[in-house]
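Chains as they are written, first to last, in our numbering: chain A, 642 to 827; chain B, 642 to 827.
Note that the Cβ used here is the ideal one computed from N, Cα and C, for glycine as well.
2 protein chains.
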Amino acid sequence: MGELRERQDYPVDAVRRFLEPGPTVLVSSAWQGETNVMTLGWHIVLDLKPSLVGLRIHASTHSHAMIRDSGECVINLPTTALTDAVVGIGNCSGREVDKFARFDLTKQPAAMVGAPLIGECHACFECRLHDETLAARYNFFVFEVVKAHVAPLPDHPETLHYTGDCTFMLAGRTISRRELFHREMV
Amino acid sequence: MGELRERQDYPVDAVRRFLEPGPTVLVSSAWQGETNVMTLGWHIVLDLKPSLVGLRIHASTHSHAMIRDSGECVINLPTTALTDAVVGIGNCSGREVDKFARFDLTKQPAAMVGAPLIGECHACFECRLHDETLAARYNFFVFEVVKAHVAPLPDHPETLHYTGDCTFMLAGRTISRRELFHREMV
């Protein structure tokens, strides 16, 4: 489906660079010898130090129980090289399918969690469950990013941004406005 | 700073189309005769029916208190026509500056909340505070979108997506994968 990416360690307090622009991500999980992966567009950066990210993971998904029970996941950042896998993963359930096999994705061991990294993704963020206060009410989980792996190039990968209606916006060009910044916006 | 947009009523359960791709937004507020606006990149879609959106609004901002005390805000969607205003608004405080005046933005009355719509924005989503359980711990507020206004064209506006480091990714082209969808991904 895609090429393996050579990734390097990346500061966990800087992962907002990849998540704040709103890409569709692949969230991998592991529990009791089983692995799974889901497509997710509903996430938020909540803090930099500690590096906190919120995910809304619907209770109907197989991943929901696996992530809740293991208290861990990996947020993987796919690019347009994986478009069809991203859609396919979002259109079947881990209850019925081994998605890693079906979509020819490579499981790689993480350093600090049991969930696998996806070898073909540009970046992988290992996460531990930090707060599930709003899990019952909104399926909203707060995670801490405990380890980050990022491919050094390209600087700005061509990410997918789901708009509903089977349509993705693709990441376009980047612009800098450094001269207008007095302080860093967060 | 920009042209006024002609907007139409839009279904509140469909605003994920504009928020899920992760744009930088302008959040306007009103309280005790004062108005304000902030730049925000940390938001999440939480549900479609009811239309719930989470915002992380730092406690140090002037908007934080205004939005918390009024229990209302408007999420406004700017395009690249407003890039310099988006940066400028994020680089000053409503404690010291009337940002609507400084950045030449037009306040328009909302239908259901006290906070103003921004006339130059492509879309405006009127919001009422729904849940502040995680406000003290993470500055995280859950809002319900109670009324939505969207310009009918263009179909896919050129939005700004902040990556940190004074740099924005701009929305690029769109692609459809309808043939791969068995069900709608949310």
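Asked	Found
Check this for me: beta carbons of A:G695 and B:G695, under 8 Å apart or not?	yes
Determine, using beta-carbon pairs with one atom in the region 747–766 of chain A and one in the region 716–734 of chain A, whether at least three such pairs fall under 8 Å.	yes
What is the DSSP secondary structure of B:R648, counted as helix, strand or coil?	coil
By DSSP's criteria, B:S670 is part of a beta bridge. Which residues make up the other side?	B:N677
Note down, in chain order, each residue of its chain lying with its Cβ closer than 7 Å to the Cβ of A:R657, except the 5 sequence neighbours on either side.	V686 and L689
How many angstroms separate the CA atom of B:P795 from the CA atom of B:V754?	26 Å
Using the beta-carbon of each residue, which ones in chain A are nearer than 7 Å to B:V678?	What B:V678 touches in chain A: nothing, since even the nearest Cβ is about 13 Å away.
CB B:L811 to CB A:R814, shorter than 8 Å?	yes
If we define contact as Cβ-Cβ less than 8 Å, is B:W672 a contact residue for chain A?	no
I'd like to confirm the pairing. Which residues does DSSP put opposite B:H703 in its beta bridges?	Note: B:H703 sits in no beta bridge, so no partner.
For A:H763, which residues in chain B fall below 9 Å Cβ to Cβ?	None at all; the shortest Cβ gap to chain B is about 13 Å.
Ignoring anything shorter than 4 residues, give me the alpha helix (DSSP H) runs that lie fully in the region 761–805 of chain B, in order along the chain.	776–779
Run the proximity test for B:A722: is its beta-carbon closer than 7 Å to any non-hydrogen atom belonging to the ligand COA?	This structure does not include the ligand COA; it has no bound ligands of any sort.
Between the Cα of B:L660 and those of B:Q649, B:L693 and B:R648, spot the shortest distance and give me the residue it belongs to.	B:L693
Does the region 769–780 of chain B touch the region 774–787 of chain A, meaning 3 or more C-beta pairs lie closer than 8 Å?	yes
Name the residues in the region 780–813 of chain B whose C-beta lies less than 9 Å from a C-beta of chain A; which are they?	N780, F781, V783, H797, E799, T800, L801, H802, Y803, T804, G805, D806, C807, T808, F809, M810, L811, A812 and G813
Closest by CA to A:G805, which one among B:R648, B:D654 and B:V786?	B:D654
In chain A, which residues lie less than 7 Å from B:E767 when you measure between Cβ atoms?	Under the 7 Å cutoff, chain A gives no residues; its nearest Cβ is about 20 Å from B:E767.
In chain B, what lies closer than 7 Å to A:T774 by C-beta?	T774 and L775
If you measure from the beta carbon of B:R709 to each beta carbon in chain A, is any gap under 8 Å?	no
Going by alpha carbons, who is nearest to A:R818 out of B:Y651, B:H684, B:T702 and B:G729?	B:G729
Take B:F782 as the anchor and find which of B:S711, B:D650 and B:P664 has the nearest alpha-carbon.	B:S711
What are the start and end residues of the beta strand (DSSP E) that includes A:V715?	E713 to L718
Quick one, which of A:H699, A:R709 and A:E713 has its alpha-carbon nearest A:L758's?	A:E713
With 8 Å as the threshold, decide whether the Cβ of B:E713 is near any Cβ in chain A.	no
Three-state secondary structure (DSSP) at A:T815?	strand
Just to confirm, is the Cβ distance from A:R697 to A:Y779 under 8 Å?	yes
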